[in-house]
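Trainee: Before I ask anything, here is the structure I am working with.
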Amino acid sequence: MQHERLIASDANEDIVALEQRYLAPTYKRAPVVFVRGEGVHLIDAEGNKYLDFLAGIAVNVLGYNDPDILAAIDTQSRRLLHVSNLFHTVPHALLARDLCESSFADRIFFCNSGTEANEGALKFSRKKARAIQPEKTEIVAFSNAFHGRTMGALAVTANPRYREPFEPLAGGVKWAAFNDEASAREAIGKNTAAVIVEPVQGEGGIIPATPEFLRLLRALCDKFQAALIFDEVQCGLGRTGKLWAHEHFGVTPDIMTLAKPLGGGLPIGAVLMTQAVADALEAGDHGSTFAASPFVTYVARAVFSKIHDAEFMENVQRTGQHLKAALESLTGPVAEVRGLGMMWGVRLEASVTAADVVAACLKRGLVIGSAGDNTLRIVPPLVIEEHHVREAVDVIGQSLKAPVPA
Ligand SMILES: Cc1ncc(COP(=O)(O)O)c(C=O)c1O
C-alpha cells in the first residue's frame with residue numbers, strides 16, 4: 284500500500300508534505316508522524332519513541348493498546364457497528380445506565396464530540412427555560428472559557444481569536460469574569476436560561492474554579508431557575524483524581540457534558556442531565572445520525588468500567604500528587620503551577636514561550652501541549668507510573684533551560 288511505502292522510506296518528510304499539500308490549513312502540526320502507540324509511548328515513522336504526557340489532548344486515558352479496549356473493539360466490531368437512533372441497541376442502553384447510576388444524572392443524550400455535547404446542553408437548557416417564561420433565553424459564560432468550535436459552543440467560548448472570524452455567532456450570551464463572584468451576580472438573573480462553566484478550565488490554561496465560585500453559581504441558578512451546566516469534556520472522567528471534577532467542589536450541576544476520554548480514543552460525547560431537564564424534551568428536539576453507535580458505546584463502557592474503580596482512582600490521585608510535587612520543584616522561568624489530579628498547567632514567565640518549550644520537549648522525546656496564557660499543558664494517560672513522572676519532569680526541566688524555536 285502506498286502509505287506503507289511512504290512510512291518505510293523517509294516517511295516524516297513525505298507525509299508532512301502530503302498533509303501540507305492536501306489538508307485545509309486549520310492546524311499547525313509538529314513535524315512528527317506518529318505511526319504506533321505502546322502503553323504510554325508513541326512511536327514515530329522513523330522508529331523514535333516518545334513518552335506521551337498529552338494523551339491526544341486528554342483523550343487516551345488508558346494509554347495505547349489497552350487489552351480491554353482492544354478486546355471490546357474486536358468483539359463489537361464483529362457484531363454491529365451502526366444502526367442509527369431509530370432502534371434500540373444493547374451497548375447504548377448499558378452505557379447510559381452506567382453513566383447515570385454513577386453520577387447525579389437521570390438521563391443522557393449521546394453525541395460524537397465535546398462541542399456537540401455543549402450544543403446539546405445549550406439547546407436543552409433553552410427548551411427548559413422557555414417553558415418557564417418565553418424571555419428566559421440568556422446563557423451566561425465566562426472569561427477564558429473554551430467550549431468548542433461549532434457556532435453555538437463557539438458563542439460561549441471566550442477567545443476572540445477563535446470567535447471573531449466567524450461572527451455573528453449564536454446570540455443571547457452574557458459574559459462574566461471566571462472566579463469573580465461579583466461579576467457572576469451581575470450577569471445571572473431572571474432571564475438566564477443557563478450558566479455554562481468548566482470546573483477546571485482546560486484550553487484557557489488549566490485553571491480550577493474556586494469552590495466558593497461554583498457554590499455561588501449553584502445558588503444563583505437555583506434562585507433564578509436556570510440550568511447549571513458543567514463542561515467536564517476535558518476535566519471529567521477521572522482526570523482530576525475523582526470520577527467527576529465537580530466532586531472536588533461539592534457542587535452538583537443540572538447538566539454535565541463529557542467527551543474526550545469517554546471512548547478511550549474513539550469519538551463520543553454525552554450530555555448528562557437531571558429528570559427536570561429531560562422533562563422539557565420530546566422526540567425530535569435533537570438528534571445525530573452516528574451518536575452514539577453500538578460500536579463506540581461498547582468500547583466506551585469498557586473504558587468507563589476501568590476508570591470507575593476505587594483502586595484505579597486512588598492510583599490516579601497518588602501519581603497525580605507525585606506529578607504536582609515534581610512540577611512544583613521545577614526551577615527556571617516558571618510563574619505558576621496549577622491544576623488537579625492529572626491535569627496540570629505550568630505557566631511560564633514571559634522570557635520563554637510555551638510553544639518553544641513544547642518543541643524542545645518533543646525533540647527530547649516527550650509529548651506535552653500548551654494552553655492559554657503561555658502555559659504548558661500536562662494531561663498524561665491516567666495509567667502513567669511514578670518513574671514516567673520523573674522522566675517527563677526531567678525533560679521539561681532541561682527544555683526550560685534550553686528551549687528551541689517551534
Ligand atoms: C472543556 C472543553 N469543552 C469542549 C471542548 C470541545 O471538544 P471537541 O474538541 O471534542 O469538540 C473541549 C476541547 O478541547 C474542551 O476542552
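In my numbering, each number is its position in the sequence shown, counted from 1, plus 283. By construction, the Cβ of each residue, glycine as well, lies at the ideal position given by its N, Cα and C atoms.
(1) Identify which residue in 623, 308, 303 and 403 has its Cα closest to the Cα of residue 527.
(2) Less than 7 Å separating the Cβ of residue 656 from some heavy atom of ligand 1?
(3) If you compare alpha carbons, which of 509, 605 and 684 is closest to residue 642?
(4) What I want to know is whether the C-beta of residue 392 ends up closer than 7 Å to one or more non-hydrogen atoms of ligand 1.
(5) Go through its chain and collect everything with a Cβ distance to residue 431's Cβ below 6 Å, but skip five positions before and after it.
(6) Hey, residue 429 and residue 485: beta-carbon distance below 8 Å or not?
(7) Under 7 Å from any heavy atom of ligand 1, does the C-beta of residue 298 make it?
(8) Report the three-state DSSP secondary structure of residue 581 (helix, strand or coil).
(9) In three-state terms, what does DSSP make of residue 332?
(10) Return helix, strand or coil for residue 420, following the three-state DSSP convention.
(11) With a CB to CB cut of under 8 Å and the five nearest residues on each side skipped, what residues in its chain are close to residue 441?
(12) Say yes only if the C-beta of residue 408 is nearer than 7 Å to one or more non-hydrogen atoms of ligand 1, and no if none qualify.
(13) Work out the CA separation of residue 356 and residue 551 for me, nearest whole Å.
(14) In the DSSP assignment, the alpha helix (DSSP H) including residue 358 goes from what residue to what residue?
(15) Using 7 Å as the cut-off, classify the Cβ of residue 521 as near or not near the heavy atoms of ligand 1, replying yes or no.
(16) Can you look up residue 625 in the DSSP assignment and give me helix, strand or coil?
(17) Taking its Cβ as the centre, do 16 or more other Cβ atoms sit within 10 Å of residue 618, making it buried, or is it exposed?
(18) Note the first and the last residue of the continuous alpha helix (DSSP H) segment covering residue 440.
(19) If the criterion is Cβ atoms closer than 8 Å, does the pair residue 577 and residue 420 meet it?
(20) Looking at the strands, I want to know which residues DSSP matches up with residue 555.
(21) What I want to know is whether the C-beta of residue 402 ends up closer than 7 Å to one or more non-hydrogen atoms of ligand 1.
(22) Under the rule that 16 or more other beta-carbon atoms within 10 Å means buried, what is residue 348, buried or exposed?
(23) Does residue 411 come out as helix, strand or coil in the three-state DSSP assignment?
(24) Give a yes or no on whether the C-beta atoms belonging to residue 523 and residue 483 are separated by under 8 Å.
(25) Just the Cα atoms here: how many angstroms apart are residue 358 and residue 297?
(26) Just how far apart, CA to CA, sit residue 473 and residue 504?
(27) Does ligand 1 have even one heavy atom less than 7 Å from the beta-carbon of residue 542?
(28) Can you give me the Cβ contacts of residue 529 inside the same chain, cut-off strictly under 8 Å, excluding the 5 residues immediately before and after it?
(29) Three-state secondary structure (DSSP) at residue 425?
(30) Shortest alpha-carbon distance to residue 596 belongs to which of 625, 575, 614 and 609?
(31) Out of 499, 438 and 477, which has the shortest C-alpha to C-alpha gap to residue 466?
(32) Where residue 661 and residue 475 are concerned, what is the direct C-alpha to C-alpha distance, given to the nearest angstrom?
(33) DSSP on residue 448, reduced to helix/strand/coil?
(34) How many Å lie between residue 354 and residue 449 at the Cα?
(35) With a CB to CB cut of under 6 Å and the five nearest residues on each side skipped, what residues in its chain are close to residue 586?
Mentor: Quick look at the numbers:
(1) Measuring from the Cα of residue 527, the nearest candidate turns out to be 623.
(2) Answer for residue 656: no, Cβ out of range of ligand 1.
(3) Among 509, 605 and 684, the Cα nearest to that of residue 642 is on 684.
(4) Because no heavy atom of ligand 1 lies under 7 Å away, the Cβ of residue 392 does not count as near it: no.
(5) The answer, listed in chain order, is 397, 398 and 401.
(6) It is a contact, given that the beta carbons lie within the stated cut-off.
(7) It does not: the Cβ of residue 298 is nowhere closer than 7 Å to a heavy atom of ligand 1.
(8) Residue 581 falls in the helix class under three-state DSSP.
(9) It is a strand residue.
(10) Correct three-state label for residue 420: coil.
(11) 424, 425, 426, 427, 428, 429, 458 and 487, listed in sequence order.
(12) Within the chosen limit of 7 Å, ligand 1 does not reach the beta carbon of residue 408 with any heavy atom.
(13) Straight through space, the alpha carbons of residue 356 and residue 551 are spaced by roughly 14 Å.
(14) Element bounds for residue 358: 350 to 362.
(15) Not so, every heavy atom of ligand 1 lies at least 7 Å from the Cβ.
(16) Look at residue 625 here: in three-state DSSP terms it is coil, with no helix or strand label.
(17) Exposed, since its Cβ has fewer than 16 Cβ neighbours within 10 Å.
(18) Neither: residue 440 is in no alpha helix (DSSP H) and is coded neither H nor E.
(19) No, Cβ-Cβ distance for residue 577 and residue 420 is not below 8 Å.
(20) Partner(s): 391 and 539.
(21) Result no, Cβ not under 7 Å from ligand 1.
(22) With fewer than 16 other Cβ atoms within 10 Å, it is exposed.
(23) Helix at residue 411.
(24) In this structure, residue 523 places its C-beta atom within 8 Å of the C-beta atom of residue 483.
(25) Straight-line measurement puts the Cα of residue 297 at about 35 Å from the Cα of residue 358.
(26) Here the C-alpha atom of residue 473 lies approximately 9 Å from the C-alpha atom of residue 504.
(27) In this structure, ligand 1 has a non-hydrogen atom nearer than 7 Å to the beta-carbon of residue 542.
(28) Cβ neighbours of residue 529 beyond the five flanking positions: 482, 497, 513, 515, 535, 536 and 539.
(29) The answer is strand: DSSP assigns residue 425 an E or B state.
(30) With distances taken between CA atoms, residue 596 lies nearest to 625 out of 625, 575, 614 and 609.
(31) Nearest of 499, 438 and 477 to residue 466, Cα basis: 499.
(32) Distance from the CA of residue 661 to the CA of residue 475, rounded to the nearest whole angstrom, comes to 35 Å.
(33) In the three-state DSSP reduction, residue 448 falls in the helix class (H, G or I).
(34) Those two C-alpha atoms are separated by around 42 Å.
(35) Counting only Cβ-Cβ distances below 6 Å, and skipping sequence neighbours, we find 547.
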